[in-house]
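Using the UniProt record's numbering, the final residue of the sequence shown is 187, and nothing's skipped along the way. First comes the structure, then the notes that go with it.
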Amino acid sequence: MNDEQILNLLQKSDRDAYKQLFLKYYSPLCEYASHYISDADSEELVQDLMLFIWETRKMLIIGTSLKSYLFISTKHRCLNAIKKQLYHERIHNHIYEKIKDQFEDPDYYFVNELTEHINKAIRELPDTYRDTFTLSRFGELTNTQIATKLGVSVKTVEYRISQALKILRVRLKDYLPLLSFLFGFPS
């Protein structure tokens with residue numbers, strides 16, 4: 001089956017013509033694309049092109065030969081992939097430049113360590129205290145809203161929060177001055 005026959009039958013949704021197209025051009029197109037991008041990416045790119053051809057088969061207008069169309073389309077897709085990759089690399093480099101100073105700052109690691117200690121202490125609270133405390137501090141709910149949500153009285157909510165704070169003060173006693181300064185944590 002020649003290219004013109006493949007194209008005519010393809011436009012009539014002939015699956016055998018599509019199979020012939022795939023068998024005839026898939027490997028050469030992958031080989032061609034691999035001159036621009038990685039082998040794995042080239043296979044994916046050619047598969048996407050083949051899928052595009054199948055999906056647009058009824059509207060497909062090719063002004064050149066089928067072979068030329070496929071190779072030119074592959075080249076354009078490769079160049080677009082390279083452009084996209086360069087764009088992502090620029091973004092990653094920009095982000096890296098923005099945050100690298102943060103990672104070189106010893107305070108960054110100390111704050112991360114402190115955050116880990118706080119999270120661990122909160123996780124170790126009894127379930128009822130932890131749930132109430134997190135709704136209060138991180139869920140930003142009022143005591144009345146928490147009471148309604150948990151199905152308990154406002155006094156119970158107040159008690160659980162005060163107990164949670166007592167436990168956290170004991171477990172985080174070495175960090176209290178810093179916590180008070182950074183987060184307004186009661187000492």
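Built from N, CA and C at the ideal position, the CB exists for glycine as well. Computed from a predicted model, the values in this text were never measured in an experiment.
Residue i, buried or exposed, once every other Cβ within 10 Å from all chains shown has been counted against 16
i: S187; result: Residue placement at S187 is flagged as unreliable, the pLDDT there being 48, under the threshold of 50; a coordinate-derived value is accordingly withheld.
i: T56; result: exposed
i: I91; result: exposed
i: I95; result: exposed
i: F133; result: buried
i: S27; result: exposed
i: S42; result: buried
i: Y87; result: exposed
i: I72; result: exposed
i: I61; result: exposed
i: A40; result: exposed
i: R15; result: exposed
Residues near residue i in its chain [Cβ-Cβ closer than 7 Å; skip 5 each side]
i: L172; result: H117, I118, A121, L179
i: L66; result: D3, I6, L7
i: Y175; result: L114, H117
i: Q20; result: M1, I6
i: W54; result: Y18
i: E31; result: none
Start and end residues, alpha helix (DSSP H) containing residue i
i: E31; result: 15-33
i: S42; result: 39-55
i: L168; result: 154-171
i: K149; result: 143-150
i: I6; result: 3-10
i: D127; result: 127-137
Presumed contact (8 Å Cβ cut-off) between residue i and residue j, rounded CB distance
i: N143; j: V157; result: 5 Å
i: F22; j: M1; result: Going by Cβ atoms, the distance from F22 to M1 rounds to 12 Å, so no, they are not a contact pair.
i: T128; j: R169; result: No, T128 and R169 are not in contact; Cβ-Cβ is about 18 Å, not under 8 Å.
i: L135; j: L70; result: Actually they do not touch by this definition, with Cβ atoms about 60 Å apart.
8 Å Cβ shell around residue i - same chain, five flanking residues per side excluded
i: L45; result: A33, I37, T74, R77, C78, A81
i: K58; result: Q11, S13
i: L125; result: F133, A164, I167, L168
i: T148; result: none
Other residues of its chain near residue i: CB distance less than 6 Å, five sequence neighbours each side excluded
i: F52; result: none
i: L9; result: A17
i: Y25; result: L70
i: S68; result: none
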